[in-house]
Structure formats: C-alpha cells, structure tokens
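**Student:** Take this structure, written in structure tokens, and hold onto it; I'll ask about it next.
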Amino acid sequence: MEKEDQKQSDYRLMERVKAGDLVAFNQIVDKYKDRLMNVIFRMVQGTEEAEDIVQETFLRVYQHRDSFDFRHCFSTWLYTIALNLARNELRKRKRFKFFDIFDMQGKEGEIAVEMELPSNLPQVLEKALESLPEKYKTAFVLRDIQELPYEEVAQIMNIPLGTVKSRVNRARAILRDKLKPRMEEYNALSKGTLLPVSLL
Amino acid sequence: MRCQRVRYYLSAFFKGELSEGKRKALAAHLQSCTECSREESVVREMSMAGRRMMAYKTSSDFNARLLNRIAEERFKETRSKAYFPPKRVPVFSWSRALPVAATVCLVLAFVLTGGVKNLLNHDATPLAVEQHSHGSGLDDRYLTVQPQGEHALAIHKRTSSTTGQWAFHKELARVNRIKGFVNSLASQSNFDPYAGRGTDNLIIPVNPRIYLEIILNGQPLIRPLPSNQSTNTMEAGQTY
Numbered sequence: 001m002e003k004e005d006q007k008q009s010d011y012r013l014m015e016r017v018k019a020g021d022l023v024a025f026n027q028i029v030d031k032y033k034d035r036l037m038n039v040i041f042r043m044v045q046g047t048e049e050a051e052d053i054v055q056e057t058f059l060r061v062y063q064h065r066d067s068f069d070f071r072h073c074f075s076t077w078l079y080t081i082a083l084n085l086a087r088n089e090l091r092k093r094k095r096f097k098f099f100d101i102f103d104m105q106g107k108e109g110e111i112a113v114e115m116e117l118p119s120n121l122p123q124v125l126e127k128a129l130e131s132l133p134e135k136y137k138t139a140f141v142l143r144d145i146q147e148l149p150y151e152e153v154a155q156i157m158n159i160p161l162g163t164v165k166s167r168v169n170r171a172r173a174i175l176r177d178k179l180k181p182r183m184e185e186y187n188a189l190s191k192g193t194l195l196p197v198s199l200l
Numbered sequence: 201m202r203c204q205r206v207r208y209y210l211s212a213f214f215k216g217e218l219s220e221g222k223r224k225a226l227a228a229h230l231q232s233c234t235e236c237s238r239e240e241s242v243v244r245e246m247s248m249a250g251r252r253m254m255a256y257k258t259s260s261d262f263n264a265r266l267l268n269r270i271a272e273e274r275f276k277e278t279r280s281k282a283y284f285p286p287k288r289v290p291v292f293s294w295s296r297a298l299p300v301a302a303t304v305c306l307v308l309a310f311v312l313t314g315g316v317k318n319l320l321n322h323d324a325t326p327l328a329v330e331q332h333s334h335g336s337g338l339d340d341r342y343l344t345v346q347p348q349g350e351h352a353l354a355i356h357k358r359t360s361s362t363t364g365q366w367a368f369h370k371e372l373a374r375v376n377r378i379k380g381f382v383n384s385l386a387s388q389s390n391f392d393p394y395a396g397r398g399t400d401n402l403i404i405p406v407n408p409r410i411y412l413e414i415i416l417n418g419q420p421l422i423r424p425l426p427s428n429q430s431t432n433t434m435e436a437g438q439t440y
C-alpha cells in the first residue's frame, strides 16, 4: 500500500516536472538522491565518481522527462538509468586498469583491512561486498541494502525474477563464506574464549 | 532437509522470504543440527551488520550544483534555438543535382548521335520484304510499290536470304531514278512519250522477272513480267 502511495506521488511529481516545474524536480531529487548514492557508491567505490553519476542520472531524468512512460514505476526508471551509467563507468575503468599505478596501493589497503580484527562488522561486510562480482553485488545491494522487492530488482536489472533470486542468494552465500571466520573470531572474543596466538 | 539445502535457504529464512512449509522444515532442522545453527548465527550477524552499514549521503551542495547544470542545459537549448534556427532546405545539393545532370547527359547523347533524325529516317532499313515474308502487310511507305501476281520480290527474298532486302532496296532506288529521268524527259516540250507505242504507260524491264510500269506524273508500279512479254521500249539490262 505504502509502495503504491509512493508510486502515485512520484507520478504526480513527474507530471509537474514534465510541465517544467523545477520545484517538483527538486522534490524528486531530495527523495531519491541518497538512495541512489548508496547503490552507486557501492558499485563504483568512490564518493566523487558516485556523486557525479547520481548528478548525471538526475540530469538525464530532466532532459528526457517527456519520454517517461507513466505505465512504469518511476523509481525503476531512475535506478535503471543510474545503474547503466555506473556500468559505463566501470567499463571505462576496466579499459584503463592496466595503466593504473594506484592498483598496488588499493591492494595494500585491502590487506590492511584483512589483518584488522573484526571490531566493526559492517565495515568488514562493506569490504567483502567490494570483492563481489558486479552482477551479484548489484542484486545484493538493491535487494538487501535498498530493500527493493524482487520484482522491481528484476525490472531494474532487466533479468528474470528467478535469476534475481538466485543471484541474491549466491551473493549472500559468498559473503557468508567470507565473513564466517571473522564472525567466529568475533563471537569467541566477545565470549572471552582463548584464541590461538596465530589468530591474534 | 539436508544441511547443504538448509544453508542455501538460510538467508531467505532469516529475511522471511520462505514459504510456510519450507520455513517449518528449516526451523526443525536448525534445532537438531549444531553446525547449521552456528551457520544461522553467522547469517543473523551478517544481516544485522548489513542494516548497520554506513549510509552514504550526497554533499550538501548537490541540489544547487544539479540545478545549475540544468539551468546551463536550458540556456544552451534556448541559445541553440535562437542562434541556430532549423536548417533550411539547401539551394544546391548533390543528391538533387545528380539525377538532373544524368538526365541532361542522356538527352545530349541522344541529340548528338542523330536523335530525332534517326527516328524519322524512312530510308534506313527496308522493312517491307521482311514484313511480307512473315505474312503481314507491307510497310505503308512501300504501298505504291507493291509486288503483284507472283510476288516476285518475296520469292527473290526467299531464294537469296542474305541479299534479299538489299536487292529490293536497290530495285526501288532504280525505279526512282527511272521515274526522275522520265519526268525530266516529260518536262521537255518536244518529248512525246506516246509516240509510236499505242499505250498510256511506259514499260521498263527491271530484271528478267519483273517490269516497271510508269504512269506519267503518277507512281511507278512493279509488275511481274509475262514470259512472252517483249521489251519494246528499252533494252533488257539497261540501267539508268
């Protein structure tokens, strides 16, 4: 019901935006900018790049406001544009990866986090998420972090519902396997169990 | 339910995405299997950690920068509309000029190679014999020079397929020459074509099989020569 209300409110705002109302456009931006930022940041792993992509997304929405189809959900359209832009950015990076002199620095950073004790589980989870393949990461972020329904994730990613479910489950399994040793250490520490010296 | 299957469904179980039957089966398994219940605690921790994950926010001037960009876009649109009006149809374009040039070339080629003159040239090819040999009527141009009786020219054509047309053309030219000659004689004041002949027409043998009958100031006729016909006006084989 809440979802339906949101949908209707988005349609009303978009109708005003179509008529050239910048106030309505600003309301849409306020409503979605942080949600998009949360998804896009996890895709591209860079605050500036993520913000640029979110800006570009809203700019495209404004430029193509006349082509918005009211039969479809506005948020689906918005996420689709943003994810396409993020994918383009990742593709560009892949092309120039060979020449990236900061690669080693990144790896050192990762090693440093690996060696840390898991005092902050969300941070460890974030790090583990970075290493997920893009297709699993997108499905996981949209479903488990943005908490979008499976059907909407399927529409945004333009894949069948079953594939989305399987990708989300696969992503969860990979993350669980990565986090399991850390969790066990964390649980053992919190219970005051003696740990082998090597783990400390 | 087996452990492997239980672990596959653990996340969905924790998120409440399973059907009632699967959920009950999984809960029963978790109570009996310590390994799987440990796994379940990991999933629970992970899910809670996921909720506590950092929420990224855009910078404070995000809206202002975006609206500036939109204003720029709108300005560009307005400027491009003002300074670059929609394209006019060009006066000259190759796509239009090429068909016209091709047509002009074709017309010029037609005119320079003879064009209309060729079309109007009646003497170009003697079609009469060819048409006659196919059983159709003679060409209108040769209506006044028709073979009669045995159709000697048609026979002649059949006997000599390669020279037939040209033989007819040659005969016709000769007839015209004779006609011109006779008319020039007639125009002389002392010429009497009827003198001592007892006939209205001038009979001229063209070859051993046909003769030419000329009606004064009329069109010449080609007739087959009867076998006992004597050439009383001209010597056989004499040409003009």
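Read top to bottom, the protein sequences are chains A and B. Residue 1 is where the first sequence starts when you use my numbering, and the numbers rise one by one after that. Residue 201 is where the second sequence starts when you use my numbering, and the numbers rise one by one after that. Yeah, the Cβ is synthetic: ideal placement off N, Cα and C, and Gly gets one too. Bear in mind that the values here come from a model prediction, so they are computed numbers and not experimental data.
Out of Met157(A), Arg35(A), Tyr62(A), Gln55(A), which has the shortest C-alpha to C-alpha gap to Ala24(A)?
**Tutor:** Out of Met157(A), Arg35(A), Tyr62(A), Gln55(A), Tyr62(A) has the C-alpha closest to the C-alpha of Ala24(A).
**Student:** If you draw a straight line from the C-alpha of Arg296(B) to the C-alpha of Tyr283(B), how long is it?
**Tutor:** C-alpha separation (whole angstroms): 28 Å.
**Student:** Alpha helix (DSSP H) containing Ala24(A): first to last residue?
**Tutor:** That run of the alpha helix (DSSP H) goes 22-44.
**Student:** My output table needs one value for Ala373(B): the three-state DSSP class, helix, strand or coil.
**Tutor:** Reduced to three states, the DSSP call for Ala373(B) is helix.
**Student:** What is the DSSP secondary structure of Asn268(B), reduced to helix, strand or coil?
**Tutor:** Asn268(B) falls in the helix class under three-state DSSP.
**Student:** What residue range is occupied by the uninterrupted alpha helix (DSSP H) comprising Ile53(A)?
**Tutor:** Its alpha helix (DSSP H) spans residues 47-63.
**Student:** Do the CB positions of Arg42(A) and Lys178(A) come within less than 9 Å of each other?
**Tutor:** No, the pair does not count as a contact, with Cβ atoms beyond the cut-off.
**Student:** Nearest CA to the CA of Phe58(A): which residue from Ala19(A), Asp30(A), Arg176(A)?
**Tutor:** Closest option to Phe58(A), Cα to Cα, is Asp30(A).
**Student:** Alpha carbon to alpha carbon, how far is Gln204(B) from Gln231(B)?
**Tutor:** Each residue's Cα considered, the two are about 16 Å apart.
**Student:** DSSP three-state label for Glu108(A), please.
**Tutor:** Interpretation of Glu108(A) is limited by its pLDDT of 45, a score under 50 that renders its predicted location unreliable; the figure taken from the coordinates is listed afterwards. Reduced to three states, the DSSP call for Glu108(A) is helix.
**Student:** Using a Cβ cut-off of 9 Å (strictly closer), state whether Tyr79(A) contacts chain B.
**Tutor:** With 9 Å as the cut-off, Tyr79(A) does not count as an interface residue toward chain B.
**Student:** Kindly indicate if chain B contains any beta-carbon less than 9 Å away from that of Val29(A).
**Tutor:** So yes, Val29(A) belongs to the interface.
**Student:** Quick one: Cα of Val242(B) to Cα of Lys180(A), how far?
**Tutor:** Rounded to the nearest angstrom, the two C-alpha atoms are 6 Å apart.
**Student:** Spell out whether any CB of chain A is found under 9 Å from the CB atom of Phe262(B).
**Tutor:** With 9 Å as the cut-off, Phe262(B) counts as an interface residue toward chain A.
**Student:** Is DSSP giving Ser67(A) helix, strand or coil here?
**Tutor:** It is helical.
**Student:** In chain A, which residues lie less than 8 Å from Arg265(B) when you measure between Cβ atoms?
**Tutor:** Neighbours of Arg265(B) on chain A, chain order: Gln55.
**Student:** Using only CA atoms, which one of Leu36(A), Arg172(A), Gln45(A), Arg167(A) lies nearest to Leu90(A)?
**Tutor:** Selected option, being the one with the closest Cα: Gln45(A).
**Student:** Tell whether a beta-carbon distance below 9 Å holds between Arg143(A) and Val124(A).
**Tutor:** No, they are not a contact pair.
**Student:** Which residues in the same chain have their Cβ closer than 7 Å to the Cβ of Ala50(A), if we skip the five residues on either side of it in sequence?
**Tutor:** Answer for Ala50(A): Met37, Ile40, Phe41, Val44, listed in chain order.
**Student:** Verify the CB distance criterion: does Leu179(A) have a CB-CB separation below 9 Å to chain B?
**Tutor:** So, interface residue.
**Student:** Using 8 Å for Cβ pairs, my map puts Met201(B) next to Ala227(B). What's the rounded Cβ distance?
**Tutor:** Between Ala227(B) and Met201(B) the Cβ distance is about 10 Å, and since that is not below 8 Å, they are no contact.
**Student:** To the nearest angstrom, report how far apart His229(B) and Val206(B) are at their CA atoms.
**Tutor:** So the alpha carbons of these two residues sit roughly 8 Å apart.
**Student:** Any idea if Asp10(A) is buried or exposed, counting beta-carbon neighbours within 10 angstroms, 16 or more meaning buried?
**Tutor:** Buried, since its Cβ has 16 or more Cβ neighbours within 10 Å.
**Student:** For the alpha helix (DSSP H) containing Ala225(B), name the first residue and the last one.
**Tutor:** 220-232 is the extent of the alpha helix (DSSP H) around Ala225(B).
**Student:** Compile a chain-ordered list of the residues in the region 233-258 of chain B whose CB is closer than 7 Å to at least one CB of chain A.
**Tutor:** Within the region 233-258 of chain B, the qualifying residues are Val242, Val243, Glu245, Met246, Ala249, Gly250, Arg252, Met253, Met254, Ala255, Tyr256, Lys257, Thr258.
**Student:** In this structure, does DSSP put Asp261(B) in helix, strand or coil?
**Tutor:** Residue state, collapsed to three classes: coil.
**Student:** What did DSSP end up calling Arg252(B) once you bin it into helix, strand or coil?
**Tutor:** Coil.
**Student:** Inspect the beta-carbon positions of Leu129(A) and Leu175(A) and report whether they are closer than 9 Å.
**Tutor:** The answer is yes: Cβ separation under 9 Å.
**Student:** Give the residues of chain A in contact with Ala212(B), contact being defined as C-beta atoms less than 9 Å apart.
**Tutor:** Per Cβ cutoff of 9 Å: Lys165, Val168, Asn169, Arg172.
**Student:** Given a limit of 7 Å on CB to CB distance, which residues of the region 122-147 of chain A reach chain B?
**Tutor:** Per Cβ criterion, the list reads Pro122, Leu125, Glu126, Asp144, Ile145.
**Student:** Check Lys215(B) in the structure and name its three-state DSSP category.
**Tutor:** DSSP places Lys215(B) in coil when its eight states are reduced to three.
**Student:** Using DSSP with H/G/I as helix, E/B as strand and the rest coil, what is Arg93(A)?
**Tutor:** Looking at Arg93(A) - three-state DSSP - the assignment turns out to be helix.
**Student:** As a quick exercise: from Val153(A), Arg172(A), Ala173(A), pick the residue whose alpha carbon is nearest that of Val164(A).
**Tutor:** The shortest C-alpha separation from Val164(A) is found at Val153(A).
**Student:** Of the residues Ala139(A), Val54(A), Ala19(A), which one's Cα is nearest the Cα of Arg265(B)?
**Tutor:** Arg265(B) has its Cα closest to that of Val54(A), out of Ala139(A), Val54(A), Ala19(A).
**Student:** Using only the alpha-carbon positions, how far apart do Glu88(A) and Ile81(A) sit?
**Tutor:** First, the residue type needs correcting, since residue 88(A) is Asn and not Glu in the sequence shown. For Asn88(A) and Ile81(A), the distance between alpha carbons rounds to 11 Å.
**Student:** Going by beta carbon distance, what residues of the same chain come within less than 7 Å of Lys33(A), once the five residues before and after it are set aside?
**Tutor:** The answer, listed in chain order, is Val54.
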